[in-house]
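Q:
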Amino acid sequence: MKNTEIRSLSASEIAERIVAEQENLSKLNFAHSISPIENPNRIRESKRLIARLKTALHSK
């Protein structure tokens with residue numbers, strides 16, 4: 019998700035996306051701890067997306 023897409027969302031939509039992405043991150047971490055996932059960079063990307071969403075929410 020690009021920054022322009024994030025900025026076009028409303029505050030409530032951003033908050034919903036943060037919750038969804040945090041759940042996704044916890045699932046990825048759990049799957050990675052059991053057996054290494056195919057692309058561990060997805061964990062990093064998910065963390066960065068959560069940070070972008072939180073920054074956009076804070077600026078609104």
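Just so you know, we're using this note's numbering here: the sequence shown kicks off at 19 and counts up by one. All C-beta atoms in this analysis are idealised placements derived from N, C-alpha and C, irrespective of residue type, glycine included. The structure presented is a predicted model; accordingly, all values stated were derived computationally and were not measured.
Suppose the cutoff is 8 Å on Cβ atoms and the five residues either side in sequence are ignored; what does the same chain contact list for Arg60 look like?
A: Cβ within range, chain order: Leu46.
Q: Given a cut-off of 8 Å, decide if Leu43 and Ile68 are closer than it, judged by their beta-carbon atoms.
A: Result yes, Cβ atoms of Ile68 and Leu43 sit closer than 8 Å.
Q: Does Leu46 come out as helix, strand or coil in the three-state DSSP assignment?
A: Of the three classes helix, strand and coil, the one that applies to Leu46 here is helix, per DSSP.
Q: Near Arg35, what residues of its chain come up, given a Cβ to Cβ distance below 6 Å and the 5 sequence neighbours on each side ignored?
A: Cβ within range, chain order: Leu71.
Q: Comparing C-alpha positions only, which one of Ile55, Glu39, His50 sits nearest to Ser64?
A: For the residues Ile55, Glu39, His50, the minimum Cα distance to Ser64 belongs to Glu39.
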